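Asks: Numbering (this note's numbering), first residue to last: 10 to 232.
Yeah, the Cβ is synthetic: ideal placement off N, Cα and C, and Gly gets one too.
Since the model is a prediction, treat every value here as computed from it, not as a measurement.
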């Protein structure tokens with residue numbers, strides 16, 4: 010992380026955030042859980058430091074970014090963002106039952122009367138994308154920073170889940186009604202997902218290829 014920061018400091022506009030990140034290393038304990046996040050998020054300081062690299066973000070790093078956003082959206086909001094592990098629990102359930110009938114609904118499902126539900130989706134084992142479900146217009150928007158389309162298997166799974174919650178409408182897939190930057194590297198899809206959510210929900214600056222390094226320092230400092 011420190012080597013990455015020293016390389017990033019070559020850009021004049023990154024000198025201040027780089028120095029701020031380096032200063033944090035003076036008191037950031039190693040190999041412990043980052044405080045201030047919900048109990049469902051177990052972000053280690055080692056994973057936090059990985060924001061300052063070109064490495065892909067893992068599930069806990071995405072969930073930590075989501076938790077940061079949700080804390081600022083507020084509990085009274087009618088917007089939900091699902092834990093990125095939720096989609097895997099749906100895959101497991103779908104393999105065992107014809108209809109979605111869990112023993113007990115999760116907290117997010119008990120509050121599914123929200124207007125909008127967002128899904129960070131990990132696909133193909135190495136790529137992060139984003140799903141927005143509009144429960145008012147019965148539409149699903151899919152954002153992929155590489156320009157891909159929503160996989161049929163994932164779409165069927167989401168529709169199966171919604172039907173199990175009691176919404177029998179066939180949700181239409183539409184183009185995103187929010188900006189989705191295009192990445193020109195192999196490692197920015199995850200930061201782009203967090204950036205879209207923060208830009209749409211918190212009015213933060215959107216990721217661009219020119220601000221890719223700055224966005225990583227910002228997420229490190231936020232968390």
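(1) Only counting the same chain, and skipping five residues up and downstream in sequence, which positions put a Cβ closer than 7 Å to that of residue 120?
(2) Go ahead and pull the three-state DSSP assignment for residue 89.
(3) Ordered along the chain, which non-local residues of its own chain (more than five positions away) have a Cβ less than 6 Å from that of residue 187?
(4) Would you identify the three-state DSSP class for residue 95, choosing helix, strand or coil?
(5) Taking only the alpha-carbon atoms, compute the straight-line gap between residue 162 and residue 36 and give it to the nearest angstrom.
(6) To the nearest whole angstrom, what separates the beta carbons of residue 61 and residue 14, a pair I think is in contact under 8 Å?
(7) So does the stretch 24 to 39 actually touch the stretch 192 to 203, counting three or more Cβ pairs closer than 8 Å?
(8) For residue 227 and residue 108, I'd like the C-alpha separation in whole angstroms.
(9) Check each candidate in 55, 49, 24 and name the one with the smallest Cα separation from residue 39.
Replies: With the structure as the only source:
(1) Because residue 120 sits at a pLDDT of 49, beneath the cut-off of 50, its placement in the model cannot be relied upon, and the point is left open.
(2) strand
(3) Counting only residues of its own chain and dropping the five nearest sequence neighbours on each side, residue 187 has a CB closer than 6 Å to the CB of 209.
(4) Looking at residue 95 - three-state DSSP - the assignment turns out to be helix.
(5) Note on geometry: alpha-carbon atoms of residue 162 and residue 36 lie some 46 Å from one another.
(6) 6 Å
(7) no
(8) 42 Å
(9) 55
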